[in-house]
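Have a look at the structure below, then the notes.
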Amino acid sequence: MAAAARPLVSVQPLPASLNDMATDHVTTVALPDVMKASIRPDIVNFVHSNISKNSRQPYAVSKKAGHQTSAESWGTGRAVSRIPRVSGGGTHRAGQGAFGNMCRGGRMFAPTKTWRRWHRKVNVNQKRYAVVSAIAASSIPSLVMARGHRVESVPEMPLVISDSAESIEKTSTAIKVLKEIGAYPDAEKAKDSQAIRPGKGKMRNRRYISRKGPLIVYGTEGAKLVKAFRNIPGVEVANVERLNLLKLAPGGHLGRFVIWTKSAIEKT
Amino acid sequence: MQHDEVIWQVIRHNHCSFMAKITTGNFCRNPYNITGVCNRSSCPLANSRYATIRDHDGVFYLYMKTIERAHKPNELWERVKLPRNYEKALEIIDKHLMYWPKFLVHKAKQRLTKMTQMRIRMRKLALKTREKIMTTPRKEIKRESRREKKAETAAELDKSIEKELLERLNGGLYGDIHNILPTHFNKILDENELHAVSEDEEYEEEPEIEYVQGYDDLEEEDDIEDFGGFAIDESLKNNDDAPEDEEDMDSVRVKRRSESAHQKMEEDERRKSKKKAKVLVEVEHEDASERQRATF
Numbered sequence: 001m002a003a004a005a006r007p008l009v010s011v012q013p014l015p016a017s018l019n020d021m022a023t024d025h026v027t028t029v030a031l032p033d034v035m036k037a038s039i040r041p042d043i044v045n046f047v048h049s050n051i052s053k054n055s056r057q058p059y060a061v062s063k064k065a066g067h068q069t070s071a072e073s074w075g076t077g078r079a080v081s082r083i084p085r086v087s088g089g090g091t092h093r094a095g096q097g098a099f100g101n102m103c104r105g106g107r108m109f110a111p112t113k114t115w116r117r118w119h120r121k122v123n124v125n126q127k128r129y130a131v132v133s134a135i136a137a138s139s140i141p142s143l144v145m146a147r148g149h150r151v152e153s154v155p156e157m158p159l160v161i162s163d164s165a166e167s168i169e170k171t172s173t174a175i176k177v178l179k180e181i182g183a184y185p186d187a188e189k190a191k192d193s194q195a196i197r198p199g200k201g202k203m204r205n206r207r208y209i210s211r212k213g214p215l216i217v218y219g220t221e222g223a224k225l226v227k228a229f230r231n232i233p234g235v236e237v238a239n240v241e242r243l244n245l246l247k248l249a250p251g252g253h254l255g256r257f258v259i260w261t262k263s264a265i266e267k268t
Numbered sequence: 001m002q003h004d005e006v007i008w009q010v011i012r013h014n015h016c017s018f019m020a021k022i023t024t025g026n027f028c029r030n031p032y033n034i035t036g037v038c039n040r041s042s043c044p045l046a047n048s049r050y051a052t053i054r055d056h057d058g059v060f061y062l063y064m065k066t067i068e069r070a071h072k073p074n075e076l077w078e079r080v081k082l083p084r085n086y087e088k089a090l091e092i093i094d095k096h097l098m099y100w101p102k103f104l105v106h107k108a109k110q111r112l113t114k115m116t117q118m119r120i121r122m123r124k125l126a127l128k129t130r131e132k133i134m135t136t137p138r139k140e141i142k143r144e145s146r147r148e149k150k151a152e153t154a155a156e157l158d159k160s161i162e163k164e165l166l167e168r169l170n171g172g173l174y175g176d177i178h179n180i181l182p183t184h185f186n187k188i189l190d191e192n193e194l195h196a197v198s199e200d201e202e203y204e205e206e207p208e209i210e211y212v213q214g215y216d217d218l219e220e221e222d223d224i225e226d227f228g229g230f231a232i233d234e235s236l237k238n239n240d241d242a243p244e245d246e247e248d249m250d251s252v253r254v255k256r257r258s259e260s261a262h263q264k265m266e267e268d269e270r271r272k273s274k275k276k277a278k279v280l281v282e283v284e285h286e287d288a289s290e291r292q293r294a295t296f
């Protein structure tokens with residue numbers, strides 16, 4: 001795309017069968033400057049890995065673990081090793097203040113503390129740069145395809161649909177809209193890929209995994225389409241005022257498939 | 001170009017969902033890739049001007065993508081059908097990719113060559129019947145054979161055949177020729193001897209048979225004399241029926257050829273038919289016919 005000036009993006013009309021839209025035929029919107037920003041995968045990666053740490057919850061071992069015994073070393077002369085032993089029973093249990101990471105029932109090496117630094121600060125400008133970069137990447141079909149979204153049947157990138165979509169209330173109409181604009185294969189891919197996570201995450205409240213589908217960005221506050229689209233597997237919704245890097249570049253990989261509404265694009 | 005380079009950087013170093021790493025190298029799963037290798041020059045995503053040859057149902061198509069349509073994924077690829085003829089296809093490729101980079105033209109021709117060769121080979125193979133290796137589920141085979149045996153014994157084929165033949169006999173379906181196979185005939189007669197004491201007819205038959213052909217059972221000569229009267233009466237009847245019998249014999253011949261069980265049928269008929277004299281007469285005829293038949 002050698003466009004130096006701002007090329008035009010045509011707005012996809014929604015079919016007349018839904019409500020009573022399609023009054024505006026093919027209107028066009030100028031491509032926002034954002035989409036022409038430079039794409040910096042390194043910045044995106046950095047910011048993403050730091051931001052994703054911000055939602056972590058602390059975990060630690062109990063402070064008293066391994067120390068709840070009184071134990072004394074027997075010293076030399078008894079033909080046994082010198083680690084502190086529990087008085088009384090004489091079994092090899094770690095004692096108070098004992099360096100018991102090698103002993104059964106002792107405290108671990110370097111017990112985890114809650115005051116670990118869980119969150120990371122990132123410069124605001126960097127965060128903004130990353131978001132901008134991610135938006136720009138989402139307008140390049142190659143990158144979106146490389147990230148794994150099925151966009152072969154999409155009429156145009158970036159994909160803009162008319163504002164009448166913001167008033168969709170039913171999920172069934174939402175699905176129809178997706179099919180009309182060629183975004184359905186991506187949502188289907190997400191639905192087909194639902195599986196149980198391998199590994200221990202299963203037991204830790206992260207049981208299911210699935211692919212990510214399209215991200216719908218809307219412009220006006222309180223648009224009803226949030227409710228219509230949010231139940232479709234894989235589909236996420238976001239307001240243009242508050243775009244989240246974690247949604248725009250999931251996994252730190254650029255190029256999420258984004259569907260904009262007309263007002264959203266005008267605001268970017 | 002700005003985009004291509006950037007795209008390639010991002011794809012190659014960050015993440016491309018089509019890239020497959022094997023011990024021997026990096027390959028591209030993208031169906032539009034011309035070589036199949038993940039390369040700066042053969043990545044369909046990182047080259048805005050690209051061409052491939054794909055095969056659909058044995059027909060080759062040349063797919064091309066240009067930068068002008070790069071933002072419309074729907075209409076990105078332009079398709080040209082290539083003729084069956086290899087040389088003509090090469091010409092068409094040349095024509096369409098006239099001012100394109102040499103790499104793509106060269107690779108496209110290479111791909112066409114390889115695909116034509118494969119197509120020829122696949123067609124030849126399809127004509128030959130290939131062996132298909134199938135698994136032998138032992139459990140199932142054993143189970144089925146066991147069940148077969150049980151079903152066979154449960155079906156009692158012999159008995160049902162006898163029943164069917166007797167029904168047909170009672171219905172008068174067959175003629176009166178009963179002893180094509182002497183051994184079977186004798187066996188049935190033996191059985192009847194044992195079971196049906198009241199049936200005098202059989203006794204009559206046997207000595208008669210002896211008289212004519214020299215059958216084995218000579219036991220009931222006494223009985224024969226007792227029933228000589230009956231035999232005479234029946235013989236009178238039989239004379240009338242003789243021509244009919246012959247016709248029946250012919251028809252029976254046809255039937256016999258189809259079923260070997262006919263012999264048994266005849267024997268059963270013998271058991272139940274009460275026209276002994278008829279039988280006697282028939283026997284004579286039959287002997288002649290039988291000898292003729294034996295020459296099959």
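Going down the list, the sequences are from chains A and B.
Those letters in the first sequence? Residues 1 to 268, by UniProt numbering.
Those letters in the second sequence? Residues 1 to 296, by UniProt numbering.
Backbone N, C-alpha and C fix where the C-beta goes; we use that ideal spot for every residue, glycine too.
- The bridge partners DSSP lists for threonine 261 (chain A) are A:Ile161.
- Taken in chain order, the members of the segment 125–142 of chain A whose beta-carbon sits within less than 9 Å of a beta-carbon on chain B are Ala137, Ser139, Ile140, Pro141 and Ser142.
- About 6 Å separates the CB atoms of arginine 79 (chain B) and tyrosine 63 (chain B); that is less than 8 Å, so the two are in contact.
- For isoleucine 135 (chain A), the enclosing alpha helix (DSSP H) begins and ends at 124–138.
- Of all alpha-carbon atoms in A:Ile181, A:Gly148 and A:Asn239, the one lying nearest the alpha-carbon of glutamate 221 (chain A) is that of A:Asn239.
- Taking a contact to require three or more Cβ pairs closer than 8 Å, the segment 24–44 of chain B and the segment 50–62 of chain A do not qualify as touching.
- Collapsing the DSSP output to three states places tryptophan 77 (chain B) in a strand.
- Contacts between leucine 45 (chain B) and chain A, judged by CB atoms closer than 7 Å, involve Ser142, Met145 and Ala146 in chain order.
- Close to isoleucine 39 (chain A), with beta-carbon spacing below 8 Å, are these residues of chain B in chain order: Val6 and Val10.
- Residues of the segment 178–203 of chain A with a Cβ closer than 7 Å to any Cβ of chain B, in chain order: Gly182.
- The beta carbons of serine 49 (chain A) and glycine 252 (chain A) sit about 6 Å from each other, so the pair counts as a contact at 8 Å.
- Restricting attention to beta strand (DSSP E) runs no shorter than 3 residues, the segment 151–236 of chain A encloses them at 159–161 and 215–218, ordered along the chain.
- In this structure the segment 32–51 of chain B does not touch the segment 169–189 of chain A; the number of beta carbon pairs closer than 8 Å is below three.
- Per DSSP, reduced to three states, the secondary structure at glutamate 72 (chain A) is strand.
- Check the Cα spacing between isoleucine 216 (chain A) and each of A:Trp74, A:Ala264, A:Met35 and A:Ile43: the tightest is with A:Ala264.
- DSSP places glycine 148 (chain A) outside both helix and strand once states are collapsed to three, so it counts as coil.
- For leucine 8 (chain A), the three-state secondary structure derived from DSSP is strand.
- One thing to note: leucine 245 (chain A) has its Cβ within 8 Å of the Cβ of lysine 127 (chain A).
- Beta bridge pairing from DSSP links aspartate 55 (chain B) with B:Phe60.
- Distance between arginine 130 (chain B) and threonine 136 (chain B), taken at the CA atoms: about 18 Å.
- Judged by beta-carbon spacing, proline 32 (chain A) lies beyond the 8 Å limit of proline 73 (chain B), meaning their Cβ atoms are not closer than that value.
- Annotated three-state conformation of alanine 79 (chain A) is coil, per DSSP.
- DSSP, reduced to helix, strand and coil, places tyrosine 50 (chain B) within a strand of the structure shown.
- Between methionine 157 (chain A) and chain B, the shortest Cβ-Cβ separation is below 8 Å.
- Distance from the Cα of arginine 256 (chain A) is smallest, within the candidate group A:Glu236, A:Lys262 and A:Leu178, for A:Glu236.
- Taking a Cβ-Cβ cut-off of 8 Å, the neighbours of cysteine 16 (chain B) in chain A comprise Ala146, given in sequence order.
- When Cβ-Cβ separations below 8 Å define contact, serine 62 (chain A) makes no contact with chain B.
- Assignment of threonine 113 (chain B) by DSSP, reduced to helix, strand and coil, places it in the helix class.
- Taking 8 Å as the CB threshold, histidine 48 (chain A) stays off the interface with chain B.
- Ranked by how close their Cα comes to the Cα of aspartate 57 (chain B), the residues B:Arg84, B:Arg146 and B:Trp77 have B:Arg84 in first place.
- Exposure of proline 58 (chain A) is indicated by the presence of fewer than 16 other C-beta atoms within 10 angstroms of its C-beta.
- Using a CB distance cut-off of 8 Å, serine 52 (chain A) does not count as an interface residue toward chain B.
- For alanine 228 (chain A), the number of other beta carbons within 10 angstroms of its own is at least 16, and it is reported as buried.
- The shortest CA-to-CA distance from valine 11 (chain A) to any of A:Met145, A:Ser162, A:Arg230 and A:Ala30 is the one to A:Ser162.
- Non-local C-beta neighbours of threonine 116 (chain B) in its own chain, meaning closer than 7 Å and more than five positions away in sequence, comprise Tyr86, ordered along the chain.
- If you draw a straight line from the Cα of arginine 138 (chain B) to the Cα of leucine 90 (chain B), it comes to about 54 Å.
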